[in-house]
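Mapping to the numbering used here: the sequence shown position 269 is 1144, numbers consecutive.
Don't be surprised by glycine CBs; every beta carbon is placed ideally from N, CA and C.
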Amino acid sequence: MATVISSAALSPADGSGSSIGHAAAAGRACLEQAQMSAADVDVLINVGVYRDSNIVEPSVAALIQKNIGINLDYLHSPDRRAAFSLDLMNGACGVLNAVQAADALLSTGSARRVMVVSADTHPSTDPSRAGTAAFPYASTGAALLLEHTGDTLGFGRVHHRSLPGGHGVNGYLPLPDVGADGRNSIVVDRDDDVLDRMLALAVDSVHTVLSAEDSAATAQDTADAGRAHVALDRTLLVTSQPTPAFAARLAKRLGLASDAAVTVEGVHGDPHTSALIHGYRQALDTGRLAGHDQVLFLAVGAGLTSATSLYRLTGTGDGTTR
């Protein structure tokens, strides 16, 4: 049994600059694509980091849930099912961390469907301040709708790696300096060598996943002896995008063609927590999944940490369950 993507959607480029608005718009689009209603969602997980006005409380996930309208009055709904929402923040790795959490909920029957939303914005909600040297992250959002199937297609195990040393990237609010403008301010510092360290960690993470999958394949009984070992020749890389060239540089480090990895286009700045969904949706829209058996989702973020998972494509040919 595995967790699969029912639909994936991006927020429209409406210039609102609100992370809550972006996440909710993507969530509604995700439901529309799946031809479902908000009542079909049992759990919403928000993985966005940079929020409107630097909101800390209440949970931003609850605000997004309310904006989408997910089971707000469950006592009067036909099946009286309550919905739950939570924030899960781990930078670019957040989407795959949410997939892990969703798999636990779905596999135990605690939820029928889990929606994962991601969105970041400059806390001032001024789109012109996003995707700049001072704040490199895009003002954008995305959403996945996840379900469980009875076969082995979909997400495999999520693997984690980390490097010792400093975080490499720090986003923080220097309270003594910002004064009364704290709700509209944020500082993002990047170490000079952080991109090289991210690439090194990404390469190590890919090798770790392939080694683990290969070991699992060889451990199968004789009935599965003919199963091919995991390789990258029919695998599309969908990665985090700390720079526009990151995906192509990673492909080169792995000895692959530059087009073996998806470079997110049409986004001003680093999509950050939305990067994996942006890349996957772009691959769907452009037909890039054709000819591939699986997608390797790889996120590298502050920590420095990584999260990686192989997604075996479903029988629809576009990676979804519909």
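Under 7 Å Cβ to Cβ from residue i, same chain only, skipping five residues before and after it: list those, please.
i	result
PRO1119	THR1138
SER1037	GLY1178, LEU1179 and THR1180
ASP1066	GLY1041 and GLY1043
LEU980	VAL918, ALA986 and VAL989
ASP1079	ARG1036
Should residue i go down as buried or exposed, given a rule of 16 or more other Cβ atoms within 10 Å for buried?
i	result
HIS1082	exposed
ARG1032	exposed
SER993	buried
THR878	buried
GLY1054	exposed
GLU907	exposed
THR1183	buried
ALA1132	exposed
ALA883	buried
Between the Cα of residue i and the Cα atoms of the options, which residue gives the shortest distance?
i	options	result
ARG988	GLY892, PRO887, ARG1128 and GLY902	GLY902
LEU1164	HIS897, ARG1109 and TYR1047	ARG1109
ILE930	GLU907, ASP1067 and ASP962	ASP962
LEU1085	PRO1051, GLN1116 and HIS1035	HIS1035
HIS1167	ALA958, ASP1089, GLN975 and ARG1187	ARG1187
GLY1046	PRO1011, GLY984 and MET1073	PRO1011
What residues in its chain sit with their C-beta under 6 Å from that of residue i, if we drop five residues either side in the sequence?
i	result
GLY1176	GLY966, ALA967 and CYS968
ALA926	The question names Ala, yet the displayed sequence has Arg at residue 926. So the list reads SER894 and VAL935, once near-sequence residues are dropped.
SER1115	ALA967, ALA1150, ALA1174 and VAL1175
So, residue i versus residue j, is the Cβ gap smaller than 8 Å?
i	j	result
ASN942	ALA899	yes
VAL991	ALA1009	no
ASP1001	GLY923	no
VAL1142	THR1015	yes
PRO998	ILE1061	yes
MET911	GLY1025	no
What are the partner residues of residue i, as DSSP defines its beta bridges?
i	result
MET990	LEU919 and LEU1020
THR1180	SER1037 and GLY1176
VAL1137	VAL1113
TYR925	In the DSSP output, where bridge partners are listed per residue, TYR925 has none listed.
ARG1187	GLY1029 and GLN1169
THR1000	THR1000 pairs with nothing; no bridge assigned.
Going along the chain, which residues of its own chain have a beta-carbon closer than 8 Å to the beta-carbon of residue i, five neighbours each way excluded?
i	result
GLY890	PRO1002
ALA1087	ARG1032 and HIS1034
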